[in-house]
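Beneath this line is the structure, given in structure tokens, with notes to follow.
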Amino acid sequence: MAVDLTSPPTSLPPNVTLKTLDIMGPLPSEREFFDVIHARCLLAHLLNVAEQLSRIVSLFKPGGWLLIEKFGLCDHGAECEAPAVQGAIRSLIQDMKTKGQDPHLAINLKDYLMNTGSFSEINDRTISVPMNPHACHADDSTYKALNEVLLSSLRRSVESWWGVGVVSGSCGQL
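The sequence shown runs 37 to 210 under my numbering.
Okay, structure coming up:
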């Protein structure tokens, strides 16, 4: 079984059931129900992450797995980012703090998980991805390829949102 806030897709494999669930609302009365919980880009949007993690953990069967994909914001060490990007990151961090969200979830998540007392093993892997990898790592082919993907995605987004084309190269340095 899988749960999501949105309605289920029209076709699922026969061995998968999808139900709608708002993690901020009442949880199912069944406890120890899930073998695996996968939270993708969810926790950064929640208030009181520690409390919500304790609620989520209550849904595991003994020996269950929690897979979390998260993003984090960093307001330090971004010296290669453009000033506008640095300002946008600082503004977003302040906005999240004002709303009671944890803008440093990526850094704090392991502590949140340890404090639940529910895990025998916690593995954490962090990958730092700059907003403008070309500016930081112009000579690195991996970052150059990442920059091209980000620029291509940005161009497609602008074209779909505003119905206008982006001249190749005009967004080369964000």
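No residue lacks a Cβ here, since even glycine has one placed at the ideal position from N, Cα and C.
Please work out which residues of its chain come closer than 8 Å, Cβ to Cβ, to Arg-91, disregarding the five sequence neighbours upstream and downstream, and give them in chain order.
-> Taking the sequence shown and counting its residues from 1, one reaches residue 91 at position 55. Cβ within range, chain order: Ile-59, Leu-63.
Cβ contact (3+ pairs, closer than 8 Å) linking the segment 92-104 and the segment 67-80 = yes
Kindly identify the DSSP beta-bridge partner or partners of Leu-103.
-> Counting from 1 along the sequence shown, the entry for residue 103 is found at position 67. His-74, per the DSSP bridge assignment.
Looking at the structure shown, is Gln-209 part of a helix, part of a strand, or coil, going by DSSP?
-> In the sequence shown, the residue the question calls residue 209 occupies position 173. In this prediction, Gln-209 has a pLDDT of 36, which is less than 50 and means its spatial position is unreliable; nothing more can be read from the coordinates.
In angstroms, rounded to a whole number, what distance separates the CA positions of Cys-207 and Asn-51?
-> For the purposes of this step, residue 207 is taken as the residue at position 171 of the sequence shown. For the purposes of this step, residue 51 is taken as the residue at position 15 of the sequence shown. Only weak support is given to the placement of Cys-207: the predicted model assigns it a pLDDT of 34, under 50, and the value that follows is read from those uncertain coordinates. Approximately 45 Å between the Cα atoms of the pair.
Starting from Thr-42, follow the alpha helix (DSSP H) in both directions and report where the run begins and ends.
-> Looking up residue 42 in the sequence shown gives position 6. Looking at the DSSP string, Thr-42 is not in any alpha helix (DSSP H), and its letter there is neither H nor E.
Could you check the C-alpha separation between Leu-48 and Lys-55 for me, to the nearest Å?
-> The residue given as residue 48 occupies position 12 in the sequence shown. The residue given as residue 55 occupies position 19 in the sequence shown. Roughly 12 Å between the two C-alpha positions.
Cβ distance (whole Å) where Asp-131 is taken to contact Lys-146 below 8 Å | By 1-based counting over the sequence shown, the position of residue 131 is 95. By 1-based counting over the sequence shown, the position of residue 146 is 110. So it is not a contact: roughly 24 Å between Cβ atoms.
Contact under 9 Å by Cβ, Leu-103 with Ile-143 = Along the sequence shown, one-based indexing puts residue 103 at 67. Along the sequence shown, one-based indexing puts residue 143 at 107. At a Cβ-Cβ threshold of 9 Å, Leu-103 and Ile-143 do not count as neighbours.
Is the beta carbon of Ala-80 sitting closer than 9 Å to the one on Leu-141?
-> Residue 80 sits at position 44 when you count from the first residue of the sequence shown. Residue 141 sits at position 105 when you count from the first residue of the sequence shown. Taking C-beta atoms as the reference points, Ala-80 and Leu-141 count as a pair closer than 9 Å.
Determine the extent of the alpha helix (DSSP H) in which Leu-128 is found, giving its start and end residues.
-> Within the sequence shown, residue 128 is the residue found at index 92, counting from 1. That run of the alpha helix (DSSP H) goes 119-135.
Report buried or exposed for Asn-84, applying the criterion of at least 16 other Cβ atoms within 10 angstroms of its Cβ.
-> Residue 84 sits at position 48 when you count from the first residue of the sequence shown. Asn-84 counts as exposed, since fewer than 16 other beta carbons sit within 10 angstroms of its beta carbon.
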